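Working notes for the structure below.
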């Protein structure tokens with residue numbers, strides 16, 4: 036089943052920023068010797084695991100995108116062929132738009 040590129044969640048920056056902030060907090064906490072450092076380490080580890088899962092899902096969805104298995108030249112050839120087909124169909128629609136069809140004889 037092919038995926039639509041617009042449906043793929045590729046917003047990684049907030050998660051990465053959150054991990055960086057957690058590491059910075061952990062470093063600051065280590066300097067001030069607070070007790071919550073093991074909890075912060077666990078939270079940071081969990082965030083990194085979630086980001087890893089998100090990357091894996093992203094890879095899987097990207098591989099399902101239609102045309103991803105084709106080379107650029109093949110994609111351009113397909114694009115040109117579809118463009119020509121679209122132009123032909125538009126011309127045919129304009130040509131036969133005003134034709135009346137007698138359905139009683141069918």
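Residue numbers (the working numbering): 36 to 141. All residues carry an ideal CB built from backbone N, CA and C; glycine is no exception. From a predicted model like this one, the values you see are computed outputs, not experimental measurements.
query	result
Per DSSP, the bridge partner or partners of residue 55	DSSP, once it has assigned bridges, lists no residue as partnering residue 55.
Identity of the residues DSSP links to residue 97 by a beta bridge	In DSSP, residue 97 forms no bridge with anything.
Per-residue burial, residue 101 [other beta carbons within 10 Å of its own, 16 or more giving buried]	exposed
Collapsed DSSP secondary structure at residue 79 in the structure displayed	helix
Local Cβ density within 10 Å of residue 119, reported as buried at 16 or more and exposed below that	exposed
Straight-line Cα distance separating residue 43 from residue 98	11 Å
Expected contact under 8 Å - CB spacing of residue 57 and residue 82 to nearest Å	6 Å
Rounded C-alpha distance that separates residue 113 from residue 127	21 Å
Helix, strand or coil at residue 125 according to DSSP, with G and I counted as helix	helix
Own chain residues within Cβ distance below 7 Å of residue 129, not counting five before or after	none
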